[in-house]
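Per the numbering used here, residue 722 is the first one in the sequence shown, and the count goes up by one each step.
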Amino acid sequence: MNKEEVQVDYENDEEEGTQLKPQEEKKSAESVPTTLFIEGFIKPFTIEEVKSLVSEVVAPISLDEDFYMNGIKTFCYVTYKSLEDAKVAMKDLNGRQFPLRFGNKLHVRMTSVSAKSMRNGKPVRKSDDKEKARPKRERPEVVSIEDLFRKTKARPEIFYKPLTEEERRAKYKK
722 MNKEEVQVDY ENDEEEGTQL KPQEEKKSAE SVPTTLFIEG FIKPFTIEEV KSLVSEVVAP
782 ISLDEDFYMN GIKTFCYVTY KSLEDAKVAM KDLNGRQFPL RFGNKLHVRM TSVSAKSMRN
842 GKPVRKSDDK EKARPKRERP EVVSIEDLFR KTKARPEIFY KPLTEEERRA KYKK
C-alpha cells in the first residue's frame, strides 16, 4: 500500500442489507492534501481563463470557494474533491504553457493549505499563537512643537528654547 492510498472498509447495514458507511483505517480524507499550488503565470490573462484551465480535465469542488489567485496573478490554489482528481489535474497542468502564445510553463505541487483558507486571508500557520500573545504597543501622546518651544512673532516663525537661570549664569560667567 502506498503512503497516499486510503484503505476503505465497508460495514454492512443489517437493517437494510446493503453496504454503507465507508470507514477509513489509515488516513481520514481531510488529512490527505487535495489542493494544488500552481505558479508560473505570466500576464496578460483573465481569471476566467485560469478557472477554465484548472477545470478542463477534472472540475474542482467549487470554483467560487475552492479557487484562489493572488492579487498580482502569479500563483493560485485549487482544491479538488479527491486525491485522485488532484493527481490527474497535477499531471495535466504541470509543465503546461499558459497562456499558449507567450506564457511560461506552469509548476504544480500538492499543498496542505486549502484554497478556502487563502481566500479568507487566514492561511494555516504555526506562528498564529505567537502573534496573538504579543501585546499591542500604545502610542505615546503627541506633544506639539508650541508646547516644547517658544516662537517668534515675526515671519518666518523661529522656534527657540529660552535658557534656564542656571544656564544664563553659566553663560555670563565666561
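The beta carbon of each residue, even a glycine, is placed where N, CA and C say it ideally should be.
If I measure Cβ to Cβ from Thr-795 and keep anything under 7 Å in the same chain, skipping five residues before and after, which residues do I get? On the sequence shown, residue 795 is found 74 positions in, with the first residue counted as 1. Excluding five sequence positions before and after Thr-795, the CB atoms of its chain that fall closer than 7 Å to its own CB belong to Glu-760, Phe-762, given in chain order.
Consult DSSP for Ile-768 and reduce its assignment to one of helix, strand or coil. For this step, residue 768 is matched to residue 47 along the sequence shown. Note: Ile-768 maps to helix in three-state DSSP.
Using a threshold of 8 Å, state whether the C-beta atoms of Tyr-801 and Thr-755 are closer than that. Position 80 of the sequence shown, counted from the start, is the residue given in the question as residue 801. Position 34 of the sequence shown, counted from the start, is the residue given in the question as residue 755. A contact, by the Cβ cut-off of 8 Å.
On the premise that Tyr-798 lies in contact with Phe-758, defined as a C-beta separation below 8 Å, what is that separation, rounded to the nearest angstrom? In the sequence shown, the residue the question calls residue 758 occupies position 37. In the sequence shown, the residue the question calls residue 798 occupies position 77. Contact flag correct, Cβ pair sits at about 6 Å.
Rounded separation between Lys-772 and Met-811 - CA only: Locating residue 772 in the sequence shown gives position 51, where the first residue counts as 1. Locating residue 811 in the sequence shown gives position 90, where the first residue counts as 1. Counting only the Cα atoms, Met-811 lies some 14 Å from Lys-772.
Identify whether Leu-774 lies in helix, strand or coil by the three-state DSSP scheme. For the purposes of this step, residue 774 is taken as residue 53 along the sequence shown, with counting starting at 1. In the three-state reduction of the DSSP assignment, Leu-774 falls in the helix class.
For the alpha helix (DSSP H) that Leu-980 lies in, which residues bound it at each end? For residue 980 there is no data in the structure shown, the boundaries of the chain being 722 and 895.
Using DSSP with H/G/I as helix, E/B as strand and the rest coil, what is Ile-759? One-based indexing of the sequence shown puts residue 759 at position 38. Note: Ile-759 maps to strand in three-state DSSP.
Pick helix, strand or coil for Tyr-798, following the three-state DSSP scheme. Indexing the sequence shown from 1 puts residue 798 at position 77. DSSP places Tyr-798 in strand when its eight states are reduced to three.
C-alpha distance - Ser-838 paired with Ile-866, whole-angstrom precision: By one-based count along the sequence shown, residue 838 stands at place 117. By one-based count along the sequence shown, residue 866 stands at place 145. The straight-line gap from Cα to Cα measures roughly 47 Å.
Just reading off the alpha helix (DSSP H) that Arg-889 is part of, what are its end residues? What you label residue 889 is simply residue 168 of the sequence shown in a count that begins at 1. Where Arg-889 is concerned, the enclosing alpha helix (DSSP H) starts and stops at 886–894.
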